[in-house]
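Residue numbers for the sequence shown follow this note's numbering, so the first one is 7 and each next one is one higher.
By construction, the Cβ of each residue, glycine as well, lies at the ideal position given by its N, Cα and C atoms.
Notes for the one structure printed next.
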Amino acid sequence: MEKVLLYQMDSLYRDSFKIYGYHFGGNEKTVCIVGAIRGNEIQQLYMCSNLIKTLKLLEERRCLDENLGIMIVPSVNPYSLNTSTRFWATDNTDINRMFPGYDLGETTQRIADGFFQKVKDYTYGIPFYKLLSGRKFHSACQNHENRI
């Protein structure tokens, strides 16, 4: 397992904003699993933590393919997780709605762009999210059947 800094942004009043991923297996960018994007997504963070724990054991036992790479990103928005707020604390924007991002845009657009640039080359991308029902939950999003 290798802890990888995927994105960093300096902050004036607190520690730098950092997005970390945990890489397992080989160098091929096979699958990237993303957990919490919003600050209230505790289940997604928990699921990624369990995946990291399991993959670490599998890697130690040499059960993972040595060519295929797996990236687990527990949280894209650690600031909001720390403050238990759903959206970006300073302007109440949703990082999840900013993808693929814009490198010269507002803060959340820059975060989305910086993170997206690091993970866009993976063959498969799996977001963890929770639906309250089986129907489309937002007009801009796909139904859950269309996602991996």
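Each residue's CA atom was taken as its position, placing N56 and L18 some 33 angstroms apart.
The DSSP-derived three-state label of E72 is coil. For the 8 angstroms CB-CB criterion, V79 and I101 do not form a contact.
Taking the Cβ atoms as the reference, V40 lies roughly 7 angstroms from F134, within the contact range of under 8 angstroms. Per DSSP, the continuous beta strand (DSSP E) segment holding T36 begins and ends at E34 to A42. With 16 or more other CB atoms across the displayed protein chains lying within 10 angstroms of its CB, Y85 is buried.
Segment contact: the stretch 30 to 44 against the stretch 62 to 78, three or more CB-CB distances shorter than 8 angstroms; contact assigned. In the three-state reduction of the DSSP assignment, Y108 falls in the coil class.
Rounded to whole angstroms, the gap between the alpha carbons of D119 and Y13 is 10 angstroms. When the Cα atoms are used, N88 and E66 turn out to be separated by approximately 31 angstroms. Under DSSP, F23 shares a beta bridge with M15.
At least 8 angstroms separates the beta-carbon of G131 from that of C54.
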